[in-house]
Each structure stands twice: as C-alpha cells, then as structure tokens.
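Report on the structure given below.
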Amino acid sequence: MSTRRSARLSAASIITEKPSETTSASPVAKTTKAIVGNGPAGSKVQASRKRKAEAISPKESEPSLPPIKPNPKKRKTASNESSDSLSAKNAPLSTPKKKKTSSILPPPVTPTPAAIGSMSSPYKDIDDSMPPPSVPVDRLAVLNGTNAPLVTPETHRLLANKSMDEVSPSKPPAVKVSTSDVLNKAIEHLIKVEPKLKPIIEKHPCKMFSAEGLAEEIEPFRALVSGIISQQVSGAAAKSIKAKFVALFNPPDSDPSTHTFPTPSAIVATDIANLRTAGLSQRKAEYISGLALKFTDGDLTTPFLLNASYEEVFDSLIQVRGLGKWSVEMFACFALKRLDVFSTGDLGVQRGMAALVGRDVEKLKKAGKGAKGGGKWKYMSEKEMEEMAEKFSPYRTIFMWYMWRVEDTDITTLEEYS
1 MSTRRSARLS AASIITEKPS ETTSASPVAK TTKAIVGNGP AGSKVQASRK RKAEAISPKE
61 SEPSLPPIKP NPKKRKTASN ESSDSLSAKN APLSTPKKKK TSSILPPPVT PTPAAIGSMS
121 SPYKDIDDSM PPPSVPVDRL AVLNGTNAPL VTPETHRLLA NKSMDEVSPS KPPAVKVSTS
181 DVLNKAIEHL IKVEPKLKPI IEKHPCKMFS AEGLAEEIEP FRALVSGIIS QQVSGAAAKS
241 IKAKFVALFN PPDSDPSTHT FPTPSAIVAT DIANLRTAGL SQRKAEYISG LALKFTDGDL
301 TTPFLLNASY EEVFDSLIQV RGLGKWSVEM FACFALKRLD VFSTGDLGVQ RGMAALVGRD
361 VEKLKKAGKG AKGGGKWKYM SEKEMEEMAE KFSPYRTIFM WYMWRVEDTD ITTLEEYS
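Residues 1 to 418 in UniProt numbering are what the sequence shown spells out, letter by letter.
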C-alpha cells in the first residue's frame with residue numbers, strides 16, 4: 001500500500017516540474033496540459049496556469065513594433081510617366097539665366113554699319129527693301145538744320161523745310177541754297193579745299209544728298225528704333241529682328257508688305273517680355289520702350305528734330321538710354337540729313353583720313369593691334385581729325401561720307417591733284 005502511494009506521488013512530482021521549465025505555449029506545453037488534465041493533481045496545475053495566464057497582460061505578451069509611417073511618395077505608373085513626359089515637351093522653354101556683369105556696358109563706339117542703312121531707310125520702306133524713287137521737291141537747304149522731310153510717328157503728318165517758292169524775298173536766309181543744288185555746292189567746296197578728293201567724288205556719286213535723296217521722307221522715331229535694333233548685330237540679323245518686331249503690332253499671318261511701324265504709344269503699352277519675343281535682348285527692349293516713352297511724354301518731338309540746332313539735338317538724344325555718341329551722329333547724318341556733322345569716333349572715317357594724307361594705314365593697323373595693354377588705338381588723333389575736317393565746314397557730313405570710300409580708289413592717283 002505504501003509502495004503504491006509513493007509511486008503515485010513521485011509520478012505527480014515529475015509531471016508538475018515540466019510546466020515550470022517552459023515559458024511559452026508550445027506543442028510540448030499543450031501535450032503536458034492534456035496529460036495533466038487526466039488526474040486530480042492535473043486540475044491543480046491547470047488552475048495555477050490559468051491564474052498565471054490571466055496575470056500576463058496582452059501588451060507584454062506581444063512584441064513591441066514601431067508604427068508604420070505612410071509613404072507620401074506615390075509610385076509612378078506607366079500612364080503617369082507618359083503624361084509627365086508630354087507635359088514636359090509642351091512646356092515653354094525657359095531662357096537660361098545669364099551671369100550678371102559688374103557694370104553696364106555702353107553702346108559700342110562704332111556699331112555695325114547695318115545701323116546706318118536701317119536708320120536712313122525711307123518712311124514708306126517698311127522692310128528695308130528698295131522703295132520707289134521719291135519725287136524731288138525743291139526746298140530750302142539748311143546748313144545747320146534738318147534737310148529730310150520728317151513724318152510724325154503718331155499722326156503721320158509730314159513736316160519739311162519751306163519750298164523755294166515759299167521763301168520770302170523780304171527775309172531771305174543768310175545762305176540761300178536749295179536741295180536741288182546743295183550737293184553740287186558741297187562738292188565744289190570739298191574739291192577747292194582738297195583737290196585729292198576729285199577722283200573719289202567722280203567715282204562715287206553721293207545719292208543720299210542728291211535732290212532725290214533729300215526728298216525721301218523719314219520717320220525719326222522709327223529710324224532711332226531701327227538703329228537700336230541694329231547695334232552689335234549683322235545686317236541680316238537686324239533685318240530679321242526688325243521684321244519680327246513690326247509683326248508684333250500687326251495682324252497675325254498678314255502680308256509683311258502691308259505692315260505699319262508701331263507708334264510710340266503702342267510700344268509703351270506693350271510689356272518688355274512681349275517685346276523680347278521678337279528676338280530683342282532685355283537691354284534693347286528696355287531701350288526701345290524708354291525711347292517710346294520720351295516721344296509720348298513730349299521730351300522728344302518731330303518739330304524739335306526738324307528745327308533745333310545740331311548741338312541741341314545732340315544734347316537731347318545723348319540723354320536717351322541706348323543712344324551713344326556714334327549712334328546720335330549717324331542719325332543726324334543719314335536720317336535727318338544734316339550737312340555739317342562730323343564723327344571722330346568712327347574707325348572708317350579715321351582710316352580714310354589717314355590714307356588721304358598719305359599714311360600707311362595697314363602699318364598703323366598692325367602697330368595698333370600689337371600695342372601693349374590692348375587699349376584703344378586710332379589711325380589719327382581726334383585733334384588732328386577735327387583740325388583737318390574744320391576746313392570742309394559747312395559740308396563736313398558729305399566730306400565724312402567720302403572718307404568711307406577713300407580706299408576704294410587707288411591712292412597713288414591722288415598725287416597728281418596735290
């Protein structure tokens with residue numbers, strides 16, 4: 001009897017020690033639970049386990065994981081990628097930003113010759129092509145004034161010097177010269193001062209100051225705008241930009257031959273960004289807009305450009321942004337057709353004058369390019385040029401015109417006129 005009891009007690013002790021060795025619900029624990037549940041001792045063990053299980057909180061039994069953060073980035077699908085690529089293609093191209101320079105560069109001393117042709121373009125010649133010849137009108141030629149008939153930019157009214165029939169006999173001018181014979185008088189004066197000019201004059205007729213040339217109507221505002229457009233670009237580029245600029249103010253897809261040049265008020269009402277779509281740089285667009293504002297405000301007027309002295313015209317125009325000394329001088333010569341203008345800053349004129357007095361211009365050019373420091377050099381000094389040109393007054397504009405053509409003539413043939 002005692003032996004059986006001791007055997008049962010030892011078996012029970014073995015069974016009760018196994019659950020204490022396990023810390024989690026495993027298949028072994030489940031098997032033990034099934035075995036324990038068969039006897040009275042098993043029920044006590046089961047009750048003890050139940051109490052332990054209830055004492056353990058759910059949070060402690062589950063592992064602690066960091067919260068999952070939603071990913072804000074959405075994965076692109078094939079359709080999204082295709083739509084993005086299409087929108088990128090259709091988006092307007094942005095202009096790359098240019099590095100800012102430390103200082104604003106002034107207009108060049110001698111811009112491209114395209115500016116001269118563009119500024120002297122007649123009023124009816126909208127696309128710089130050859131216009132029909134103007135009918136000469138015999139008008140009074142003013143030695144220190146404008147000789148071209150001028151057209152007002154807003155109302156397109158024609159302003160010009162009096163015809164010779166309108167000149168009062170009781171109040172004749174100090175020098176009575178007409179547009180029909182002023183070129184002949186100028187040539188006579190030039191050859192008298194410097195006989196070497198005769199073969200150059202005979203070879204190159206000066207049509208710009210002929211009776212037909214002086215009859216061409218000029219719109220001064222348009223001439224100044226054209227001069228700004230032509231600065232530092234080739235003639236072909238200037239013509240293309242000017243055509244696009246004019247097209248901005250005319251109906252789309254219209255015939256360019258029917259286009260009209262924009263008025264100052266129309267340009268002032270147009271923002272700079274729109275002006276730039278014609279191919280203008282930011283600075284040129286600002287220059288043209290500022291010039292237009294001068295005309296709309298009355299700071300510059302066509303009657304003033306017709307009647308004022310050259311000194312007054314020069315002082316007014318040089319204050320306009322975008323108009324340098326050379327540009328103003330060329331405007332006075334070839335647009336207003338003033339007779340006694342002279343430019344010391346034009347290299348072509350310097351070269352012609354140096355060649356006329358017998359200097360080796362090619363040698364001077366090479367010496368100038370090889371000069372130390374890379375500074376500006378000239379074929380002649382300004383003082384020399386002014387002293388030489390003074391003798392040709394009051395026709396220095398025509399003298400300057402011929403200086404551009406000196407090297408088209410063999411200089412050796414000039415010696416016989418010395």
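Note that beta-carbon positions come from the ideal geometry of N, C-alpha and C, so glycine has one too.
This one's a predicted model, so the numbers in the text were calculated from it and none came from an experiment.
Could you check where the alpha helix (DSSP H) with VAL268 kicks off and where it finishes?
-> Boundaries of the alpha helix (DSSP H) around VAL268: 264-268.
Given 8 Å, three or more beta-carbon pairs between the segment 353-361 and the segment 287-304 | No, the segment 353-361 is not in contact with the segment 287-304.
Of all the options ALA335, ILE318, ALA278 and GLY348, which has the alpha carbon lying nearest to the alpha carbon of GLU404?
-> Reading off the sequence shown, one finds Trp at residue 404, where the question assumed Glu. Taking the Cα of TRP404 as reference, the smallest distance to any Cα among ALA335, ILE318, ALA278 and GLY348 is reached at GLY348.
Jot down the residue ranges of each uninterrupted alpha helix (DSSP H) in the segment 226-302, minimum 4 residues, whole runs only, in chain order.
-> Here the runs fully enclosed are 235-247, 264-268, 272-276 and 282-297.
Thinking just about the alpha-carbon of each residue, which of THR155, GLY213 and LYS198 is nearest to the one in PRO149?
-> Comparing Cα-Cα distances from PRO149 to each of THR155, GLY213 and LYS198, the minimum goes to GLY213.
Give a yes or no on whether the C-beta atoms belonging to TYR287 and ILE228 are separated by under 8 Å.
-> Yes, the Cβ-Cβ distance between TYR287 and ILE228 is below 8 Å.
Residues sharing a beta bridge with VAL177, DSSP = VAL177 is bridged to ALA141.
For ALA285, count neighbouring Cβ atoms within 10 angstroms of its own Cβ and tell me buried if that reaches 16, exposed if not.
-> Under this definition ALA285 is a buried residue.
Opposing strand residues paired with LEU159 [DSSP bridges] | DSSP lists LEU150 as partners of LEU159.
DSSP beta-bridge partners of ILE218 | For ILE218, which the question treats as bridged, DSSP gives the partners LEU150.
Terminal residues of the continuous alpha helix (DSSP H) containing PHE331?
-> For PHE331, the enclosing alpha helix (DSSP H) stretches over residues 325-334.
Residue interval of the alpha helix (DSSP H) (run including ASP315) | Its alpha helix (DSSP H) spans residues 310-317.
Please work out which residues of its chain come closer than 8 Å, Cβ to Cβ, to LEU159, disregarding the five sequence neighbours upstream and downstream, and give them in chain order.
-> Only PRO149, LEU150, VAL151, THR152, THR302, PRO303 and LEU306 meet the Cβ criterion.
Check each candidate in SER240, PHE342 and SER327 and name the one with the smallest Cα separation from GLU384.
-> From the listed residues SER240, PHE342 and SER327, the smallest Cα separation to GLU384 is found for PHE342.
Check TRP404 in the structure and name its three-state DSSP category.
-> Correct three-state label for TRP404: coil.
Which same chain residues, not among the five before or five after LYS244, have their C-beta less than 6 Å away from its C-beta?
-> Within the same chain, and ignoring the five residues on either side of LYS244 in sequence, the residues whose Cβ sits closer than 6 Å to its Cβ are ALA278 and GLY279.
Given a cut-off of 8 Å, decide if SER234 and ILE267 are closer than it, judged by their beta-carbon atoms.
-> At the C-beta level, ILE267 and SER234 stay beyond 8 Å of one another.
Rounded C-alpha distance that separates GLU382 from ALA236 = Straight across, the Cα-Cα distance linking GLU382 with ALA236 is about 32 Å.
Are the beta-carbon atoms of THR397 and ARG359 separated by less than 8 Å?
-> Against a cut-off of 8 Å, the Cβ pair of ARG359 and THR397 comes out as no contact.
Is it buried or exposed for SER226, if we count other Cβ within 10 angstroms and need 16 for buried?
-> With 16 or more neighbouring CB atoms inside 10 Å of its own CB, SER226 falls in the buried class.
Reduced DSSP secondary structure (H/G/I, E/B, other) of ASP165 = If DSSP states are grouped into helix, strand and coil, ASP165 belongs with the helices.
Neighbourhood of MET388 by C-beta distance below 7 Å, restricted to the same chain and skipping five residues each side | Closer than 7 Å at Cβ, skipping near neighbours: MET353.
Pairwise C-alpha distance: ASP315 and PRO136 | In this structure, the alpha-carbon of PRO136 lies about 31 Å from that of ASP315.
Taking ALA211 as part of the alpha helix (DSSP H), name the residues at either end of that continuous run.
-> Note, ALA211: premise wrong, no alpha helix (DSSP H); not H, not E.
Minimum C-alpha distance to ARG222 - residue among GLN232, MET208, LYS242 and SER393 | For ARG222, the closest C-alpha among the options GLN232, MET208, LYS242 and SER393 is that of LYS242.
Look up GLY345 in the DSSP assignment and say whether it is helix, strand or coil.
-> Three-state result, GLY345: coil.
From what residue to what residue does the alpha helix (DSSP H) around LEU183 run?
-> Counting along the chain, the alpha helix (DSSP H) containing LEU183 begins and ends at 182-193.
Give the single residue among VAL177, HIS156, MET330 and SER393 whose Cα lies nearest to the Cα of SER163.
-> Comparing Cα-Cα distances from SER163 to each of VAL177, HIS156, MET330 and SER393, the minimum goes to VAL177.
Do you know how far the Cα of LYS239 is from the Cα of LYS185?
-> Taken atom to atom, the span from the alpha-carbon of LYS185 to that of LYS239 is near 35 Å.
In its own chain, which residues sit with a C-beta less than 8 Å from the C-beta of VAL361, not counting the 5 before and 5 after it?
-> Short of 8 Å from the beta carbon of VAL361, and not among the five residues preceding or following it, lie these beta carbons of its own chain, in chain order: ARG351, ALA354, ALA355, TYR379 and GLU407.
Status (buried if at least 16 other CB within 10 Å, exposed otherwise) for GLU194 | GLU194 is buried by the Cβ-count criterion.
Alpha carbon to alpha carbon, how far is GLU386 from LEU291?
-> Each residue's Cα considered, the two are about 30 Å apart.
Status (buried if at least 16 other CB within 10 Å, exposed otherwise) for GLU311 = With fewer than 16 other Cβ atoms inside 10 Å of its own Cβ, GLU311 counts as exposed.
Within 10 angstroms of the Cβ of MET400, are there 16 or more other Cβ atoms? Answer buried if so, exposed if not.
-> Per the 10 Å Cβ criterion, buried.
Three-state secondary structure (DSSP) at PRO199?
-> PRO199 falls in the helix class under three-state DSSP.
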